[in-house]
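As structure tokens, the structure follows; a few thoughts come after it.
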Amino acid sequence: MNQYLASRGYVVLSVNYRSGIAYGMEFREALHYGAQGASEFNDVLGAGRYLRTRPDVDPKRIGLWGGSYGGFLTAMGLARASDLFAAGVDLHGVHDWNIEIQNWVPSYDPAKQADAAKLAYESSPIAYVKDWRSPVLLIHGDDDRNVQFSQTVQLAAALRTRGVHVEELIFPDEIHDFLTHAHWAAAYQAAVDFFALTLGAERRESDP
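Residue numbers are given in this note's numbering: position 72 of the sequence shown equals residue 80, and the series is strictly consecutive.
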């Protein structure tokens, strides 16, 4: 996807945010990451601010895209920094950690673990929809066993209530890691089309 975006004339920066890969367990299990504070959002925010300083980047047309954990950070960027990120494409991202944790830890009960639940909520995009202004494309398979499809349904409804421009691409009977090449191709093409519409950054064939 990054290469395709670059081929269409976009400046692309891929962020290996804290809790990412290749730098050992201390980096992988960064302090206050994920549901414990979303500290890795600061790396995405820093990347956006860096892009804004570049002479080859229009500071008003910076977008975000990502899948799964990257979808979570895309949603966080749009929710908490709509003044910086003008649009985003979120593929099956986590939007509410209190729902997501129960998917992996069945014994987790937010009602009985109030402090953890409060922190998890404050680490979730759904907590900041009141500040979310940038348009978003949400892509999800409705049989996702990793990130519940209900999280996308919930987020889309909350954003529409607040007048945010939301588009959705839903694949029936599709799981988290899409099973067919056709669905991946459709998702990526939809993302490029969405950015062309919202950022106006698509390179014309007549451009050098």
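Idealized CB from N, CA, C, for every residue including glycine. Quick caveat: nothing in here was measured; it's all calculated off a predicted structure.
Check                                                                                                : Outcome
Inter-residue spacing [alpha-carbon to alpha-carbon] between residue 28 and residue 59               : 20 Å
Span separating the alpha-carbon of residue 43 from that of residue 95                               : 24 Å
Those residues which DSSP pairs with residue 161 across a bridge                                     : Its beta-bridge partners do not exist; DSSP assigns none.
Local Cβ density within 10 Å of residue 153, reported as buried at 16 or more and exposed below that : exposed
For residue 146, the first and last residue of its enclosing beta strand (DSSP E)                    : 144–149
Buried versus exposed, by CB contacts within 10 Å (16 or more), residue 142                          : buried
Close beta carbons around residue 148, own chain, < 7 Å, minus the five adjacent residues each side  : 100, 157, 160 and 178
At least 3 beta-carbon pairs within less than 8 Å: the stretch 58–77 vs the stretch 118–134          : no
Selection from 70, 41, 48 and 46 that minimises the alpha carbon distance to residue 208             : 70
Distance between residue 199 and residue 172 (C-alpha atoms, nearest Å)                              : 18 Å
DSSP state of residue 178 mapped onto helix, strand, coil                                            : strand
Span of the alpha helix (DSSP H), counted from its first residue to its last, around residue 105     : 105–112
Residue range of the alpha helix (DSSP H) that includes residue 207                                  : 189–207
Supposed contact pair residue 56 and residue 93 - C-beta distance, whole angstroms, cut 8 Å          : 6 Å
Residues that residue 99 bridges to, as DSSP identifies them                                         : 75 and 147
Backbone secondary structure at residue 70 - three-state DSSP                                        : coil
Host alpha helix (DSSP H) of residue 11 (start-end)                                                  : 10–15
Distance between residue 183 and residue 150 (C-alpha atoms, nearest Å)                              : 7 Å
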